[in-house]
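Here is the structure we will look at, set down as C-alpha cells.
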Amino acid sequence: MKKLLLSSIIVIIGFTFIGRLSYLQLFRFSPDQTLEDPAIKAIYDYPERGYIYDRNGELLVGNQPAYDVMVIPREVEPLDTLEFCSLLGIDKTTFLDKMEKAKIYSPRLPSVLVHQLSKEDYARLQEKMRHYKGFYIQKRSLRYYATNSAANVLGYISEVGEWDLKNNPYYRAGELKGRTGIEKQYEEVLRGTKGVQFVQKDRFNRDIGPYKGGKLDTLPEQGKEIRITLDKTLQEYGEKLMHGKRGGVVAIDPKSGEILAMISGPTYDPALLVGRERSNNYNKLHYDTIAKPTWDRSILAEPSPGSPFKILNALVALQEGVIDPSTTFRCYHGFYVGNTLRGCHCGGGVRDMNSGIYRSCNAYFAGTFRKIYAKYATADEGMDVWEKHMKSFGLGGYLGTDMPTGRPGRIPNKEYYDRAYGDNRWSSSFIISNAIGQGEVAATPLQLANVVAAIANRGYFYTPHLIKSIGNAGAIDPKFTEPHYTTIERKHFEPIIEGMANVYKYGTARWLQIPGIEIAGKTGTVENFVRVNGERMQLTDHSIFVAFAPVENPQIALAVYIENGYFGARYAGHIASLLIEKYIKGEITRTDLEKRMLEKTLEKEYVKPYSGEPFKINEYVW
Amino acid sequence: MSGRGLFGRIDWLTVFLYVLLVFIGWINIYSTTLSDSNASIFDFSTLYGKQLFFIGLAGLGIILVLFVETNFFERFASIFYVICIALLIGLFLFGTTIAGATSWYNLGFFNLQPSELAKVATALALAKFLSDIQTDIKTRRHQLYAVVIILLPAFLILPQPDPGSALIYFSLFFVLFREGFPLFYLGILLFTVVLFATTLMFGTVWVAIGLIILALLVYTFKKASVKIPLIPVMATILVSILFSLSVNFVFENVFEQRHRDRFALWLGLEKDEGKLEEIRKTIGYNTYQSEKAIESGGFFGKGFLEGTRTKGDFVPEQHTDYIFSSVGEEWGFMGTAGVILLFSIFFLRLIHLAERQKSDFNRMYGYGVISILVFHYFINIGMVIGLLPTIGVPLPFFSYGGSGLIFFTMLLFIFLKLDSNRLKDGI
C-alpha cells in the first residue's frame, strides 16, 4: 500500500491532466477560431459596390464618397471646443456626449464622431483638421442615385444587424448589405468580396507583423456592375403620372419577359435612404401605415382582377370547346343567379364574343363560365380543369421572378370551396363572381401584366425578370430565357385579341386611342371594401386596365391598378395609353390625356374612409 | 569510486529523460521569448540565451555532484540544513526584493534563491533523521521532529512572501508516509479538502445530506461480520457538519476578496457572465489566457514558432510558470499529452530506483526528490490548465530561471549519484 501510494498518485494525476487537456484541446477546440483570436487582427479591404444601369445603359445607381469624422479619444489634446463644434456644425452638448461614448467604447480605437459630412463640409474641414490631434476624416462609399424613381425596384442598403452577423459568416459589424429590391437580390454580385489581411498583435494591441507571413491574406474582388431591364425614361414618366395616386403599374416586354417599368404609388426618392438623414427618413416612410410608401403595390397588392379576368374565362371556354366565337348569350341588363338579377353596364341585348369583350358584358361571361362547368359531370372536375388552365398563366402562385419579395395572388380550387360550402354543396352558380374577376380570384399587377404578355405572345410567356446582364460576361439565369406555354392553343387567342383591340375602337376605352398605334386592352372596375376601426365599408371602385401594343408585333404589355380610381378607363386606362405611347413613340401626342393625369390626384378619395364622416363613392364627376 | 569513470553505474534512462525534458523546455522558452529571429541562440542578452547558459551551469553542477564522495551527502546533511535555515533567516536582513518577494541574495552575477537550495537540504536532512537507527517514526515524538524538520523552512519562506515555495515542503510528508507515518493523516487532509470544496460548491445542507447518505450506504452494504461502532461515526458526521458551517464563515469573513475570487474561479462558483468577464480580466487573467492558448492549439498545435498567442505575449509569465501553455498552443494535444507521459515515466522510473536502494537513507532521500518534483509538476500544470488555483511554482526542468534549473538538477543528480553507488552501500 505505502509503496504504491506515490505511484498511484502519479498515474491518477497523469490521467486527470490528459482528461482536462482532451476537454480543452479536443472538445472545446474549434478550427475557425482564427477570427476570435485576440492575437490576430483582420484588416479588411472593401471593393467598390457595383453600379446599376438601366436597359439602355443609363446609370441608375452609382457610388459617392462620404466622409466621417473619426476620433481616437486617447490621442485627443486639449482644444477649443466651441470653434471645433462650429466647424463640424454640431452643438457642444452633442460633441461632449459623443466624446464620452467614444471613450466608453474604447480609448484606443476609432469611433465615429460625425456621420457622413457633405462634400462642402468636407472641403471646409479638410484644411483645418490637422490642428486637432486625435481627430481625422475617414472616407467611405455611399450609394448615389442618378434617378429619383424606382426606389421599389432598386431597394436600399444598410448596415448589417445582429441577425445577419449570426446567419451569414461573411459579414462583419459595420458592413453594408442590400435590404430590398435589386440591392438584396443581387447582393453578392454587386458587393464583390472584401479582401483581408491578417496582422499579428501583441496583448497591448500593437502590430508585430503579418500573420503567417501573409499566407492567408486575400485580395478584394471587385463588385460587378449590372444592367436591369427597366427603361429609365418610362419608369420616371410613369412615376410622374402616378403622382397623387395609389396603385401599381407593371410593363413587360412580352418577347423576353423583361420588366420595362415597375411602379408603385406612392413612392419616394431612393436618395432619402442614404446619408445622415437616412434613419429619420426611413422611419417616416415605414410608419406611414395608411399610404404605405414602402409597400410595393406592383408586386404585393392582390386586388381582384376584375373584368380583364373575363378574357381568361373566354380562353378557357374556347380551349374546352364549350363555346366558339359566334356563340351568343342574351344580356337582360344583367344575368340571373337563381331568381336574383346581377347587373351589367353593357347596354343589354344579344352578345357574341367580340362585343362581349369590348363592351365588357357580365351576362356573356357568366354564361361562358357556366358552360365550362356544365361540360363536366361534377363541379369538382370542372374546377380542376379551370384551375389548371388559370395556373398555366402564372396565376395563383409565385412566378419565380428575381425580386426578393412577391405575392402569389389566388386562384381558388375545389378544396377552397369545400371548406367554404361543404363537399359537393356548391356549383358554378355559387362561384359565378369569378366569371367577371370579382369573386375569390386575386392577382398582383405583376401577374396581370404577365397574363397580358402571354396573350400578346398568343400562348406563352417568359418569367418576368429585372436582370438584363451581369458584369461583362452578361449571362443571366437560364430560367428567364425559357418560354412557359399556357394550356390554351395559339388559335384561340386571335378572336380574343380582336375583341381587345375593339375595346379601343368601339368599346370601353375608345376615348383613349393613340394615333398610329393599334392597342389591345381591357378595362376593369373592381368593387372593394375596407375595414376602418372595425367597420366594413365600400370604397370607390379600383380602376384597372391591361393592354398590349402593337397588336401585330407586341412590344409592351402592361397592367395598371389604381386604388379607388373608379372606371377602368379613367385613371388606369389613361396611364396605360400614355405609357404605351411613351415607350413606342418616345413622345406624347395625346397631351390632353397627359395633362389630366399630371393634374388629377386621388387624395380626396383616400381621406374619405378616415374622415369619420359619411361619404359618397363612385362619384360620376371626376 | 569504481573503475568505470565519473558516471559509474548511473541510470542512463533517467539521465536521458532529464536531458529530453530540459531540451523540450528550452525549445519552448526559445519560442516564448524570441522577438528578433536574427539573433543567435547564444546571444546572452536574450532570455533563451541566458537559459542556455544556465543549462551549461547545471551541467557543471552535475559534474560537481558526481565528483563528490557518496558519503559526503549523508554525513553533511545536517550541516547543510543548518546553513540553509541560516540563509533563510538572513534573507530578512540582507535579502533582495524582486517582484515583491524578498527571496534572493544578490551575488552580483547571479541571484541566489536559498529556498531552492533549502529543498535539497531539507530532503537530505529528513532522510538522515529518518534513517538514523535511533529514530522510530511510530512514536509521536519522532513524528513531531520529522514534521518540524519539514515545516521549519516552510514557515521561514512563507513571509517572504512566497506561499508557492512554502507549500512545496508539504510534499515531503510523502517520505513520511512511505516510511510508516500513519496514512490516517493523509485521509483527514483529503477529507478536509473535499469538505471545503464541496461546501463552497453545494452548501452545508447538501454536504450534510451527502455525509448521512454515505454513512447509511456503508451500514447497509457492509459485511455482517464487520462491526462499525456507531458513536465515532456520528461524531465524525457532526464534526464535519460543524467544519462545513465554519467554511462559509471563514470564506466570507476571513478570506480577502482576491482569495474568494480565486476560489470562485477555480470551483466555477461564479455564474454571472458579467462578473466572470471581470474576473477574467483581473485575477483570473493568467489562467484564462493560458487556457485559451492551450485550447487554440487543438490536436496538432499551431506549429513551432507559430503560436499566435505565444508570439503576441498574451499569457503573462509564459516563459516561467506558464511555459506549459506554449507547449499546448504550438504542439497541441500531441505535445501536451507527450510531456505528461514523459514526466509520468520519469517519476515512475525514479520510484523504481528509490525502491531498489539497499540503504534507507538513499531510499528516503529518493522519495524526497520524487515528492518535491511531483508536487511542482502537479501544482504547476494543474494551474496552467485551470484545474488548480493560481499558485506560483515553476515546472521542473522546463521553466525559465537559473536557480530553479540548477537546484532541480542537483536534487536529481545527488540521488542518481547515490543510486550509482547503491551496490557498495552497507559494505
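Chains as they are written, first to last, in this note's numbering: chain G, 1 to 622; chain Y, 1001 to 1427.
From the three backbone atoms N, C-alpha and C, an ideal C-beta is built for every residue, glycine too.
- For K139(G), the enclosing beta strand (DSSP E) stretches over residues 135-145.
- In terms of beta-carbon proximity, S1359(Y) stays away from the interface with chain G, with every pair separated by 8 Å or more.
- Fully enclosed alpha helix (DSSP H) runs of no fewer than 4 residues occupy 353-358 of the region 331-370 of chain G, in order along the chain.
- The beta carbons of S392(G) and T463(G) sit about 13 Å from each other, so the pair does not count as a contact at 8 Å.
- Taking a Cβ-Cβ threshold of 8 Å, the residues of chain Y close to F29(G) are E1295, S1296, G1297, G1298, F1299, in chain order.
- Only those residues of the region 200-216 of chain G whose C-beta falls short of 8 Å from the nearest C-beta of chain Y are listed: Q200, K201, D202, R203, I208, Y211, K212.
- When the five nearest sequence neighbours on each side are left out, the beta carbons in the same chain lying within less than 6 Å of the beta carbon of S1131(Y) are those of D1360, F1361, M1364, in order along the chain.
- Interface annotation for the region 1308-1333 of chain Y against chain G: T1308, R1309, T1310, K1311, G1312, D1313, F1314, V1315, P1316, G1328, G1332, F1333, criterion Cβ-Cβ distance under 9 Å.
- Taken in chain order, the members of the region 7-28 of chain G whose beta-carbon sits within less than 8 Å of a beta-carbon on chain Y are S7, I9, I10, V11, I13, G14, T16, F17, I18, R20, L21, S22, L24, Q25, L26, R28.
- The Cβ of I40(G) sits closer than 8 Å to at least one Cβ of chain Y.
- Just measuring C-alpha positions, the residue of T1097(Y), H1259(Y), A1123(Y), S1045(Y) sitting nearest F1080(Y) is A1123(Y).
- For K3(G), the residues of chain Y that pass the 8 Å Cβ criterion are R1178, E1355, in the order they occur in the chain.
- Taking 8 Å as the upper bound for CB-CB distance, I1370(Y) and F1347(Y) are in contact here, some 6 Å apart.
- Residue-level contact check: E1291(Y) touches chain G, since one or more beta carbons of chain G fall below 8 Å from its beta carbon.
- With a cutoff of 8 Å on beta-carbon distance, I182(G) and I228(G) are scored as near each other.
- Looking at the DSSP output, Q1051(Y) shares a beta bridge with no other residue.
- Per the coordinates, the alpha-carbon of D97(G) lies some 13 Å from the alpha-carbon of V71(G).
- By a beta-carbon distance limit of 8 Å, K1128(Y) contacts E1074(Y). Their separation comes to about 6 Å.
- If you draw a straight line from the Cα of G223(G) to the Cα of T401(G), it comes to about 22 Å.
- Runs of alpha helix (DSSP H) with 4 or more residues, each lying fully within the region 86-120 of chain G, are found at 92-105, listed in chain order.
- Straight-line spacing of the CA atoms in N553(G) and N457(G) works out to 9 Å.
- Judged by beta-carbon spacing, E302(G) lies within the 8 Å limit of A442(G), meaning their Cβ atoms are closer than that value.
- Excluding sequence positions up to five before and after L1245(Y), its CB lies within less than 8 Å of the CB of T1204, all in the same chain and listed in chain order.
- In the three-state DSSP reduction, H131(G) falls in the helix class (H, G or I).
- Under the 8 Å Cβ criterion, the region 1309-1320 of chain Y does not count as touching the region 1334-1343 of chain Y, having fewer than three qualifying pairs.
- As DSSP reads the structure, F461(G) sits in a beta bridge with H484(G).
- With a threshold of 16 other beta carbon atoms within 10 Å, D477(G) falls short and is exposed.
- At least one beta carbon of chain G lies nearer than 8 Å to the beta carbon of T1336(Y).
- In this structure, the CA atom of Y1285(Y) is about 14 Å from the CA atom of I1294(Y).
- The C-beta of F27(G) has fewer than 16 other C-beta atoms within 10 Å across all chains shown, which makes the residue exposed.
- A straight line joining the alpha-carbon of G19(G) with that of L1341(Y) spans about 13 Å.
- DSSP places D296(G) outside both helix and strand once states are collapsed to three, so it counts as coil.
- Secondary structure note for M537(G): its beta strand (DSSP E) is the uninterrupted segment 535-549.
- T94(G) is classed as exposed because its beta carbon has fewer than 16 other beta carbons within 10 Å across all chains shown.
- Interface with chain G (8 Å Cβ-Cβ cutoff): F1174(Y) is included.
- Residues of the same chain with a CB within less than 6 Å of the CB of M262(G), apart from the 5 flanking positions on each side, are V153, V250, S298 in chain order.
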